[in-house]
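Novice: Take this structure first; my questions come after.
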Amino acid sequence: MSRLFILITTGIGLYISHTTYAQLPADSVIYHKYWIQFSDKNNSPFSLQHPEAFLSQRAIERRNRQGIHLDSTDLPVSPFYVDSVLSTGVRLLLKSKWLNGVAVETTDTAALRKIAAMPFVKEILPAAAYTYQDTSDTSGIESIRYIASPVRIPNLLFDEELYGSSFNQIHLVHGEYLHEQGFRGEGMLIAVLDAGFYRADSLSAFDSLWLNNRVVAVRDFVSGLDDSIYRESTHGMSVLSIMSGNLPGQMYGTAPAASYLLVRTEDARTEYRIEEYNWAAGAEFADSLGADVINSSLGYTRFDDPQMHYTYADMNGETAIVSRAAHMAASKGMIVVTSAGNQGNGSWKYISAPADAADILSVGALDTQGQYVSFSSRGPTADGRVKPDVAAQGKDVVHVSYSGMLSTGNGTSFASPIIAGLAACLWQAFPEKTAMQMIGQIIQSCSSVAFPNDSVGNGIPDFRLAFLKLLEEKGPIYYREYSPVAFPNPFSDELHIMVFTPAAGTCFVEISDAMGRVVARQQRLVRELRFHQFDFNGLHALQSGIYLCRIGNGKDVKTLRLLKF
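If you count the sequence shown from 1, position 437 lands on 1125 in my numbering, and the numbers rise without skipping.
Right under this line is the structure:
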């Protein structure tokens, strides 16, 4: 739903502080929202020695677990500065401690001149306009295709009564394995930054959220009226459904037991830089309440005012306001997941901001078979970093539509929450890890990590593999009885079996067909309390159908059911 945007210095026809702006034609734009940049945080009552004044205990504990120290960016903007600005009669829209400034609304140029003369004001930047003749490139408008009837995806190996139509998008990244191990997001807090959550307070897919009080807080940085988020865009509601939706037998979210913050930062009616400041304020709100994960299915490259447009050179992780804010959010110990953008086959082609930010997960789009889809924005960043970081299903993604029915849609907006929800589940399993360690492990599990490319980045994450690797790192004392895992399953030409061996000795893996005939077998010496992977290749000649895998791990014999395409 959101467009994908850009940022450069623009003009207001005034000399503001130390910055001179280009003169705009008088009839082209009437700005009414501005960003006031402060030079410092002096004259403030806040102190790093008393973070409880501006951070929740949960936020403080998240930093402490990861060894993240408080610094000046954690301090709120100076109340004295804010009050001084407001004394001119302008209306406060938001404050950002990370960017150290405020957004205000006014058409009073005399008030702006007074603010510019204040010694602590570094600069004033236009952020939004009342009117503008829109000549911007609209090829970045979110591509979402709604289908009125639910889609059924055959599921021969897992509990279809639970996942229903949503099985494929979860199974593509082996997210169901985390759910099977009991990790469904309990105790994790996910902030969803989006354009609105239309009817999320009444649709049946979200009943369990409300029955269990797992919507922790809501905030609308666009209108300032928090309860309005349920009357705004369906985009955020559909994104939320991919993570939290719970309609047994129809769809099941990637983090159905997590708690959520619903934050509106995007104004779907217009596209101005104010939305990047909204995003920063929204991320700070999430941080202050102790969010673990942020999902942002938004992107910025083009605005309604062409003077605000970004160029590809700006996609360096340091120029765009929203990218700087995303990097700051990551530095505070949150996992930030964002859509890569939908301009892969448009005139822009590249990723959008904040997907260019460092230390976050930007997500590209795949089809139901795991192949790149052409609308998904490409990397690398302007400074040569791999982007997108990972890829997930972004075509024919099952979600809840405005009517409450299941639909399918296309867009990296729908790939991002698949990864965000499962990242929360994985972190739930290993809370001692840092956000950066979790991101690193997710990337290392990807299908193309050894040979990343500009379309899918490091490829498709394997959350089962990431889980097993993280478990292995914890050492033998933490092991319990983990069942063998086969992947991919269903298989075609190759098959891998991951086995945990509680004792040293001989382990065998044997695959037989429906008639009981052994078609493949491996046996090897194994070590105690270790994971071992058995690899089978050249299986394309086998007939399609059901196969049985028997694993003897030195203690007992276990079986797995396999499906050959």
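From the three backbone atoms N, C-alpha and C, an ideal C-beta is built for every residue, glycine too.
Predicted model only: the values in this text are computed from it and were never measured.
Under 6 Å Cβ to Cβ from P1105, same chain only, skipping five residues before and after it: list those, please.
Specialist: Around P1105: V927, I930, M931 and N983.
Novice: For the pair the stretch 992–1008 and the stretch 1068–1079, tell me if three or more CB-CB distances fall below 8 Å.
Specialist: Touching, yes.
Novice: Mapping the DSSP letters down to three states, classify Q821 as helix, strand or coil.
Specialist: Its pLDDT being 40, under 50, Q821 is placed unreliably in this model, and the coordinates cannot settle the point.
Novice: Opposite K721 in the DSSP bridges: which residues?
Specialist: DSSP lists E793 and A816 as partners of K721.
Novice: Leaving out the 5 sequence neighbours to the left and right, which residues in its chain are closer than 7 Å to N1146 when beta-carbon positions are compared?
Specialist: Excluding sequence neighbours, N1146 sits near V1074, D1077, V1078, I1131, C1134, S1136, V1137 and P1140.
Novice: Quick check on the DSSP output: the alpha helix (DSSP H) that includes C1113 runs from which residue to which?
Specialist: That run of the alpha helix (DSSP H) goes T1100 to A1117.
Novice: List, from N- to C-terminal side, the beta strand (DSSP E) runs of 3 residues or more that fit wholly inside the stretch 1028–1078.
Specialist: Correct list: 1049–1054.
Novice: Looking at the unbroken alpha helix (DSSP H) that takes in D993, where does it start and where does it end?
Specialist: Premise fails: D993 is in no alpha helix (DSSP H) and is neither H nor E.
Novice: Does the distance from the CB of Y865 to the CB of F1151 come in under 9 Å?
Specialist: In contact: Y865 and F1151 (Cβ atoms closer than 9 Å).
Novice: For the stretch 770–790 against the stretch 954–965, do three or more pairs of beta-carbon atoms, one drawn from each stretch, fall closer than 8 Å, so that the two count as touching?
Specialist: Yes: the two stretches touch, three or more of their Cβ pairs being nearer than 8 Å.
Novice: Is it true that the stretch 1057–1069 meets the stretch 1038–1048, where meeting means three or more beta-carbon pairs spaced less than 8 Å apart?
Specialist: Enough Cβ pairs lie closer than 8 Å, so yes.
Novice: Look at L950 and D882 and say whether their C-beta atoms are less than 9 Å apart.
Specialist: Cβ distance < 9 Å, so L950 and D882 count as in contact.
Novice: Need the endpoints of the alpha helix (DSSP H) that L1227 sits in, please.
Specialist: Segment: none, L1227 is in no alpha helix (DSSP H) and carries neither H nor E.
Novice: Less than 7 Å between C-beta atoms, sequence neighbours within five positions excluded: which residues of the same chain meet that for S772?
Specialist: So the list reads M806, once near-sequence residues are dropped.
Novice: Using 10 angstroms around the beta-carbon of H923, count the other beta-carbons present and answer buried if the total reaches 16, otherwise exposed.
Specialist: With 16 or more other Cβ atoms within 10 Å, it is buried.
Novice: Buried or exposed: which applies to M925, given that a residue is buried once 16 or more other Cβ atoms fall within 10 Å of its Cβ?
Specialist: Answer is buried; the Cβ neighbour count reaches 16.
Novice: Cα separation between W967 and S1062?
Specialist: Taking the straight line joining both Cα atoms gives about 27 Å.
Novice: Quick one: what's F726 bridged to in DSSP?
Specialist: F726 is bridged to V809.
Novice: Let's test the definition: count the other Cβ atoms within 10 Å of the Cβ of T797 and tell me whether it reaches 16, buried, or not, exposed.
Specialist: Looking at its Cβ environment, which holds fewer than 16 other Cβ atoms inside 10 Å, T797 is exposed.
Novice: What residues in its chain sit with their C-beta under 6 Å from that of A1192, if we drop five residues either side in the sequence?
Specialist: Same-chain partners within the cutoff: R1215 and E1216.
Novice: Is there at least one non-hydrogen atom of the ligand MN closer than 8 Å to the beta-carbon of L780?
Specialist: As far as ligands go, the structure on display features none, and thus does not contain the ligand MN.
Novice: Is the stretch 1087–1104 touching the stretch 881–896 in the sense that three or more CB pairs, one from each, lie closer than 8 Å?
Specialist: The answer is yes - the stretch 1087–1104 touches the stretch 881–896, with three or more Cβ pairs under 8 Å.
Novice: For E959, which three-state DSSP category applies?
Specialist: Looking at E959 - three-state DSSP - the assignment turns out to be coil, as it is neither helix nor strand.
Novice: From I803, H862, D762 and Q725, pick the residue whose C-alpha is nearest to that of P1178; which is it?
Specialist: Closest by alpha carbon: H862.
Novice: State the start and end residues of the unbroken alpha helix (DSSP H) segment that holds I1131.
Specialist: Start and end: A1123 to Q1132.
Novice: Leaving out five residues before and five after T823 in sequence, what residues of the same chain have Cβ atoms less than 6 Å from its Cβ?
Specialist: Its pLDDT being 35, under 50, T823 is placed unreliably by the model, and nothing is read from it.
Novice: Do the CB positions of V1051 and G1021 come within less than 9 Å of each other?
Specialist: The answer is no: Cβ separation not under 9 Å.
Novice: Closer than 6 Å by C-beta to G852: which residues in its own chain qualify, once you throw out the five before and the five after it? Chain order, please.
Specialist: Contacts found: G937, Q938 and M939.
Novice: Helix, strand or coil for M925 per DSSP?
Specialist: In this structure, M925 counts as helix in the three-state DSSP scheme.
Novice: How many Å lie between S1019 and V1173 at the Cα?
Specialist: Taking the straight line joining both Cα atoms gives about 35 Å.
Novice: Here's the rule: buried if 16 or more other CB atoms are within 10 angstroms of the residue's CB, otherwise exposed. What is F693?
Specialist: Low confidence applies to F693: its pLDDT is 24, below 50, so where it sits in the model is not reliable, and the reading given next is rough at best. Buried, since its Cβ has 16 or more Cβ neighbours within 10 Å.
Novice: Taking the beta carbon of N901 as the centre, do at least 16 other beta carbons fall within 10 Å, making it buried, or is it exposed?
Specialist: The residue is exposed, with fewer than 16 neighbouring Cβ atoms inside 10 Å.
Novice: What do you get for K721, buried or exposed, if any count of 16 or more other CB atoms within 10 angstroms of its CB means buried?
Specialist: Buried: at least 16 other Cβ atoms inside 10 Å.
Novice: Which term fits R1212, buried or exposed, when burial requires 16 or more other beta carbons within 10 angstroms of its beta carbon?
Specialist: Classification of R1212: exposed, given that the 10 Å Cβ count is below 16.
Novice: When burial is assigned at 16 or more other CB atoms within 10 Å of the CB, is T1189 buried or exposed?
Specialist: T1189 comes out buried.
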